[in-house]
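**Q**
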Amino acid sequence: MYGNQINRLNGLDKLKNLKVLYLSDNLLTEIQGLNRLKNLEILSFEENKVREISGLSELKNLRILNLYDNRIIDIKGLMGLNKLKTLRIGKNPIPLELLEKVGGIDYEGYALDPLKIVKYCLTK
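FYI, the numbering for the sequence shown is 120 to 243, going by my numbering.
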């Protein structure tokens, strides 16, 4: 579903066994309708217009998450993603001091310590 100018997610909740979902390069402004995808391991929302990521907290099996180049300012929606190994979150208007507090990101926008971000969300 890459690059299809999708602006709304409908019907994905029926794909309960889905493990990989690429929604990059679309027009999505929010992450919704994915909470029933309990088996999802890889999710990409790169190059969208996402502002809110609260719809991710139920995706407990998520290992790889790409949120690069969106409009995200708050990372609390990552709470509970304890299996997260790779998080790309650069090119978002997240305050630099917050990124430094949670371990920072590299030059390609990858979090240096994704689980530190998840743990930080638990304290806020």
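We treat Cβ as the ideally placed atom computed from N, Cα and C, and that holds for glycine.
Tell me the residue span of the beta strand (DSSP E) that contains valine 169.
**A** In the sequence shown, residue 169 corresponds to position 50, counting from 1. Per DSSP, valine 169 belongs to no beta strand (DSSP E) and is neither H nor E.
**Q** What number of angstroms, rounded off, separates the C-alpha of alanine 230 from the C-alpha of leucine 186?
**A** As a first step, residue 230 must be located in the sequence shown, where it is residue number 111. As a first step, residue 186 must be located in the sequence shown, where it is residue number 67. Rounded to the nearest angstrom, the two C-alpha atoms are 11 Å apart.
**Q** Hey, quick one: how far does the beta strand (DSSP E) through threonine 242 stretch, first residue to last?
**A** As a first step, residue 242 must be located in the sequence shown, where it is residue number 123. Premise fails: threonine 242 lies in the alpha helix (DSSP H), 233–242, not in any beta strand (DSSP E).
**Q** DSSP three-state call for leucine 175: helix, strand or coil?
**A** One-based indexing of the sequence shown puts residue 175 at position 56. Note: leucine 175 maps to helix in three-state DSSP.
**Q** Only counting the same chain, and skipping five residues up and downstream in sequence, which positions put a Cβ closer than 7 Å to that of leucine 218?
**A** Within the sequence shown, the letter at position 99 stands for residue 218. So the qualifying residues of the chain are Ile224.
**Q** Cα separation between glycine 222 and leucine 215?
**A** For the purposes of this step, residue 222 is taken as the residue at position 103 of the sequence shown. For the purposes of this step, residue 215 is taken as the residue at position 96 of the sequence shown. Taking the straight line from one Cα to the other gives about 11 Å.
**Q** Ignore the nearest five residues each way along the sequence and tell me which others in aspartate 232's own chain have a CB closer than 7 Å to its CB.
**A** Locating residue 232 in the sequence shown gives position 113, where the first residue counts as 1. Cβ within range, chain order: Gly222.
**Q** With H, G and I counted as helix, E and B as strand and the rest as coil, what does DSSP make of glycine 206?
**A** For the purposes of this step, residue 206 is taken as residue 87 along the sequence shown, with counting starting at 1. Position check: residue 206 holds leucine in this sequence, whereas glycine was assumed. DSSP places leucine 206 in strand when its eight states are reduced to three.
**Q** Apply the 10 Å Cβ neighbour rule to valine 169 and answer buried if 16 or more other Cβ atoms are within range, or exposed otherwise.
**A** Looking up residue 169 in the sequence shown gives position 50. Buried: at least 16 other Cβ atoms inside 10 Å.
**Q** So, using beta-carbon positions, are leucine 153 and asparagine 126 closer together than 8 Å?
**A** Along the sequence shown, one-based indexing puts residue 153 at 34. Along the sequence shown, one-based indexing puts residue 126 at 7. For leucine 153 and asparagine 126, no; Cβs fall outside 8 Å.
**Q** Helix, strand or coil for leucine 218? Go by DSSP, reduced to three states.
**A** Stepping through the sequence shown from its first residue, residue 218 is reached at position 99. Here leucine 218 sits in helix by DSSP.
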